[in-house]
Each structure stands twice: as C-alpha cells, then as structure tokens.
Amino acid sequence: MLKKISAAGLLLASVYAHAAPSFCQVAGSYRGVYSGNTDSGTLMAVVEAADGTLRGSAMSADGRQFAFGGVIAGDGSFSSGSVATGALFVGRFASATGGQIAGQGDWALGGGQGGRWQIVRESIPATCR
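Going letter by letter, the sequence shown gives residues -19 to -1, 1 to 110 in mature numbering (1 follows the signal peptide of the UniProt record, and there is no 0).
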C-alpha cells in the first residue's frame, strides 16, 4: 500500500512539474531605453522564470524615476503600466539578432506623450541554464 501511495505521489509531482509553465525563454535581467516626442531615458527590468512577471524601473533624461511592471504572456506579448505616472508599455519579447532575447514596443502617457521602448537581456537566471 505504501508503495502505491509513494508511486502515486511521485506521478502527481512529475505531472505538476511538467505542467507548470516556464518562462526561461525570456527570464533574466534586461537593460534598454525608451524615447519619445517629450521624454526619453533608460530602462532596467527583471523577468521571473516562474511566472513571466516583469518588474522594472525607468530613469528619465531629466532625472525623474518611476517603477513599472507587468506580465509576459506565453506567446511573448507584453502589457505593463506604471502606477506613479500612468504610462502604459505594450509590446513583445522575442529572439533578436545574434540569438539575444529582446523586448520592444510602444509606450504612451496621456496628453499625447509616447514613443518606443526596447530592452535586451543581459543575463539569464541560474535556474534556466
């Protein structure tokens, strides 16, 4: 009986581990830029391997800083926002030239402000190697 329970537990654990989504394709630390008609600056972000959660920070050319965050979907699409500024970032993560992983897209803020953003992965988490 104990062997049957152990075998069933092992089977369930392996099914759960297999079914759990992995975002290793896009997980890691990123650095990049955003630019637009009224603002530009640098971006830094981390994408978690477990769930595709992105946490980032931006530094405007005039010294202002703000945090932003969002989630990357299984197809690489991304939508995010900043509570502090109300800025919205949308785009996609995919393989870029040379096998690098990059994210790029558009950002918008009320009042006609907006532009483009792009970040490139600089490091991969140890759990994804």
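Just so it is clear, CB atoms sit at the ideal spot from N, CA and C, and this is done for glycine as well.
CB of residue i within 9 angstroms of CB of residue j, strictly
i, j, result
"P106", "G33", "no"
"D20", "S38", "no"
"F70", "S63", "yes"
When the options are compared against residue i, the one with the closest alpha-carbon
i, options, result
"Q99", "V14, E29, R110", "V14"
"G80", "V101, G57, R110", "V101"
"residue 185", "G62, F74, A65", "This structure gives no information on residue 185, because the portion of the chain shown stretches from -19 to 110."
"R97", "G67, S58, C5, N18", "N18"
"G50", "A26, S58, D43", "A26"
"G92", "I82, G67, G84, T78", "G67"
Straight-line Cα distance separating residue j from residue i
i, j, result
"S60", "G86", "10 angstroms"
"residue 145", "L35", "No information on residue 145 is available, as it lies outside the stretch -19 to 110 that the chain covers here."
"G22", "C109", "30 angstroms"
"W88", "G95", "5 angstroms"
"A54", "V7", "10 angstroms"
"S104", "Y11", "7 angstroms"
"R45", "V52", "24 angstroms"
"A31", "S58", "17 angstroms"
"A48", "L90", "14 angstroms"
"A65", "T78", "34 angstroms"
"C5", "I82", "11 angstroms"
"S16", "L24", "10 angstroms"
"S3", "D43", "37 angstroms"
"G72", "G84", "7 angstroms"
Residue range of the beta strand (DSSP E) that includes residue i
i, result
"F47", "46 to 53"
"R102", "94 to 104"
Task: Inside the segment 7 to 82 only - beta strand (DSSP E) runs reaching at least 3 residues - done: 9 to 17, 21 to 28, 34 to 41, 46 to 53, 58 to 62, 69 to 76
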